[in-house]
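See below for the structure under consideration.
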Amino acid sequence: MKKAVIDIGSNTINLVIGELINQKLHLIKEVKNHAKLAKGGINQKRMTPEALQRGYDAIASHLAECKRYDVDPAHIVSFATATIRDTANGQEFVQTVKEQYGLHIEIIDGQKEAELIYKGVEHGFPIADKNVLILDIGGGSNEFILANHTGILWKHSFPLGVSRMLERFHPTEPITQKEIDTIQDYFRDELQLLFENVSPADVHALVGSSGSFDTIRNMILVDKKLENDEAITWLELAHEDLNGLFKKLIPSTAAERMEMPGMIPLRVDYMVIAALFIRLIIRELQISHVFQCNYALTEGALLL
5 MKKAVIDIGS NTINLVIGEL INQKLHLIKE VKNHAKLAKG GINQKRMTPE ALQRGYDAIA
65 SHLAECKRYD VDPAHIVSFA TATIRDTANG QEFVQTVKEQ YGLHIEIIDG QKEAELIYKG
125 VEHGFPIADK NVLILDIGGG SNEFILANHT GILWKHSFPL GVSRMLERFH PTEPITQKEI
185 DTIQDYFRDE LQLLFENVSP ADVHALVGSS GSFDTIRNMI LVDKKLENDE AITWLELAHE
245 DLNGLFKKLI PSTAAERMEM PGMIPLRVDY MVIAALFIRL IIRELQISHV FQCNYALTEG
305 ALLL
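Start counting at 1 in the sequence shown, then tack on 4, and there's your number in this note's numbering.
What follows is the structure, encoded as structure tokens:
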């Protein structure tokens with residue numbers, strides 16, 4: 005039975021169509037629409053009229069894609085995360101989509117979001133008996149899930165997504181050292197709950213999911229002249245490769261990032277903030293192994 009999930013995030017509205025065969029997820033179609041719902045309003049807690057229209061257009065396009073792939077409307081589910089739940093007109097968006105397109109959107113909190121992310125990562129990455137810290141970097145929020153093969157040990161959603169941070173700090177191009185210090189100090193202050201609950205001794209590896217980590221995977225593979233086989237659902241990211249990439253990304257301009265081999269264009273604006281965040285987590289928690297996983301919230305929702 006084919007099923008579709010529409011994940012309404014702060015930067016992208018993602019569609020995944022798939023089916024479960026012999027307890028294995030088979031993906032049929034994936035589409036990312038860069039609707040930028042958070043742009044221009046997330047820190048003011050209100051989506052702009054332009055962002056709302058981009059969102060409606062993305063929903064219409066995804067539903068048309070579902071029709072092309074003969075997905076029963078009863079088997080289309082939709083989840084909305086940080087931007088919809090945090091903005092004053094988030095409910096307006098949900099109601100309009102229901103009235104115009106007949107699609108029910110479930111607004112989920114950060115805890116439910118983290119659970120779905122874990123479910124997706126668990127299916128795409130071999131979580132063993134040693135603890136891993138899953139990090140999903142979104143536009144409005146970042147989810148941390150400490151887990152092992154027995155399940156989730158601790159989870160929390162922090163309002164530190166790349167769109168939110170970009171609009172808060174408006175770093176220059178290229179970013180200055182003073183701006184880097186300010187942003188990193190802010191991250192440390194806001195992540196105190198993480199550092200109180202997760203110590204370096206608790207974590208065997210960091211497993212990153214979603215757009216920023218997908219971009220890092222793509223850039224490293226292109227640099228090594230290796231094929232990005234999407235059927236391989238996870239990849240180890242060597243510290244040498246990560247550090248080399250961070251050294252290129254952090255001091256770059258948007259124009260320079262656009263020309264970098266393997267850069268996913270819709271991530272150009274966010275990769276400096278993402279690199280600073282990931283680098284800080286690796287350093288603060290003394291992470292020895294880093295992995296990227298293709299599966300996250302949408303895949304987790306397909307498995308429900």
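We treat Cβ as the ideally placed atom computed from N, Cα and C, and that holds for glycine.
| Check | Outcome |
| --- | --- |
| C-beta atoms of residue 101 and residue 66 nearer than 8 angstroms | no |
| Within 8 angstroms, strictly: CB atoms of residue 88 and residue 81 | no |
| Assigned secondary structure, residue 161 (DSSP; H/G/I helix, E/B strand, else coil) | strand |
| Residue 262 versus residue 86: straight-line alpha-carbon distance, rounded | 27 angstroms |
| Paired residues, beta bridge with residue 166 - DSSP | Answer is none; residue 166 lacks a bridge partner. |
| Three or more C-beta pairs below 8 angstroms linking the region 158-172 and the region 231-241 | no |
| Cα-Cα separation, residue 182 to residue 272 | 21 angstroms |
| Own chain partners of residue 105 with C-beta closer than 7 angstroms, once the 5 adjacent residues on each side are dropped | 63, 64 and 67 |
| Candidates 9, 228, 222 and 293, of which the one nearest residue 107 by Cα | 9 |
| Residue 17 beta carbon less than 8 angstroms from that of residue 59 | yes |
| Contact under 8 angstroms by Cβ, residue 128 with residue 165 | no |
| Residue of 49, 31, 259 and 306 minimising C-alpha distance to residue 171 | 49 |
| CB of residue 136 within 8 angstroms of CB of residue 208, strictly | yes |
| Completely contained beta strand (DSSP E) runs for the region 229-295, where each covers 3 or more residues | 238-240 |
| Between the CA atoms of residue 227 and residue 265 - distance to the nearest angstrom | 7 angstroms |
| Among 121, 174, 178 and 293, nearest to residue 146 - alpha-carbon criterion | 121 |
| When 32, 184, 51 and 76 are compared against residue 41, the one with the closest alpha-carbon | 51 |
| Residues that DSSP places opposite residue 148 in a beta bridge | 139 and 160 |
| DSSP state of residue 30 mapped onto helix, strand, coil | strand |
| Nearest candidate by alpha-carbon position, reference residue 6, set 12, 61, 96 and 72 | 72 |
| Enclosing alpha helix (DSSP H) for residue 65 [first to last residue] | 53-72 |
| Residue-level contact to chain D via CB, residue 279, 8 angstroms cutoff | Among the chains in the structure shown there is no chain D, since it carries only a single protein chain. |
| Through-space distance from residue 131 to residue 249, alpha-carbon basis | 26 angstroms |
| Alpha carbon of residue 247 to alpha carbon of residue 94, nearest angstrom | 38 angstroms |
| Reduced DSSP secondary structure (H/G/I, E/B, other) of residue 216 | helix |
| Test item: CB-CB of residue 149 and residue 276 under 8 angstroms | no |
| Nonlocal neighbours in the same chain, by C-beta distance under 8 angstroms from residue 225, ignoring five residues either side | 231, 232, 239 and 266 |
| Segment limits, alpha helix (DSSP H) that includes residue 124 | 114-128 |
| Contact set for residue 91: own chain, Cβ-Cβ below 6 angstroms, skip 5 residues either direction | 49, 50 and 51 |
| Residue 301 classed as buried or exposed, judged by whether at least 16 other C-beta atoms fall within 10 angstroms | buried |
| Beta-carbon spacing of residue 140, residue 214 below 8 angstroms | yes |
| Status (buried if at least 16 other CB within 10 Å, exposed otherwise) for residue 154 | exposed |
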